[in-house]
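Reading through the structure tokens given below for one structure.
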């Protein structure tokens, strides 16, 4: 799939989906996640949590776009045993809500 066709480039995933992927990868690849030796970590870090009141949800989402984009780009550049694992494929898989997003 060409990079320009990745689903999140147009419809960013909800943060909990990204966090879930991160936790799955860290559990599945503890060495690459730096759990035994932080110097061996190759799985990218996620951007820090941004705390705002509920009325600022859209602002927070916009601020997360670039860091999540950078995270995803780093993810697909990892060695194939990580970048092509089932969890990563499922993350980038188009979902019905991506193809027919809700109208604002």
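In the numbering used here, the protein residues as written are 12 to 115.
Cβ atoms here follow ideal geometry from the backbone N, Cα and C, with glycine treated the same way.
Bear in mind the structure is a predicted one, so any value in this text is a computation, not a measurement.
Suppose you measure from the CA of residue 37 to the CA of residue 93; what does that come to, to the nearest Å?
10 Å
Measure the Cβ-Cβ separation of residue 33 and residue 57 and say whether it is below 7 Å.
Between residue 33 and residue 57, the CB-CB gap stays under 7 Å.
By the three-class DSSP mapping on this structure, what secondary structure does residue 98 have?
In the structure shown, the three-state DSSP call for residue 98 is helix.
Using a 10 Å radius around the Cβ and a threshold of 16 neighbouring Cβ atoms, would you call residue 73 buried or exposed?
exposed
Taking the straight line between their C-alpha atoms, what separation do you get for residue 87 and residue 98?
Those two C-alpha atoms are separated by around 12 Å.
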